[in-house]
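In this note's numbering, the protein residues as written are 59 to 147.
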């Protein structure tokens, strides 16, 4: 399944929860990704491109596949840390 998503990756749950609050306050997902994500995709606002969801670890793929365009996931824990995922449609 092809999906186009961006994400923010952090090490600690409390960091991800703080970012969730900032998103609810209206701060841009892309700006937060650039500033806080530890993934190399941070420089592009977290954009991972349009790729086959099977390229991701199962927890990430399952959360990303059910998002509607523009929707942001709840916290997703993987072996890499904590993710917030946004469907870019």
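Where a beta carbon is used, it is the ideal one built from N, C-alpha and C, also for glycine.
Residue from the options whose Cα sits closest to the Cα of residue i
{"i": "residue 142", "options": "109, 73, 62 and 66", "result": "66"}
{"i": "residue 59", "options": "123, 97, 138 and 81", "result": "123"}
{"i": "residue 73", "options": "101, 139 and 145", "result": "139"}
{"i": "residue 92", "options": "61, 101 and 117", "result": "101"}
Local conformation of residue i per DSSP, three classes
{"i": "residue 144", "result": "strand"}
{"i": "residue 102", "result": "helix"}
{"i": "residue 67", "result": "strand"}
{"i": "residue 135", "result": "strand"}
{"i": "residue 93", "result": "helix"}
{"i": "residue 126", "result": "coil"}
Rounded distance between the beta-carbons of residue j and residue i, thought under 8 Å
{"i": "residue 133", "j": "residue 71", "result": "7 Å"}
{"i": "residue 137", "j": "residue 109", "result": "That pair is no contact at about 19 Å."}
{"i": "residue 77", "j": "residue 63", "result": "That belief does not hold up - the Cβ atoms of residue 77 and residue 63 are roughly 16 Å apart, past 8 Å."}
{"i": "residue 121", "j": "residue 112", "result": "At roughly 14 Å, the Cβ-Cβ gap does not stay under 8 Å, so residue 121 and residue 112 are not in contact."}
{"i": "residue 96", "j": "residue 117", "result": "Wrong, their Cβ atoms sit about 17 Å apart, outside the cutoff."}
Residue i and residue j closer than 8 Å at C-beta
{"i": "residue 130", "j": "residue 87", "result": "yes"}
{"i": "residue 128", "j": "residue 147", "result": "yes"}
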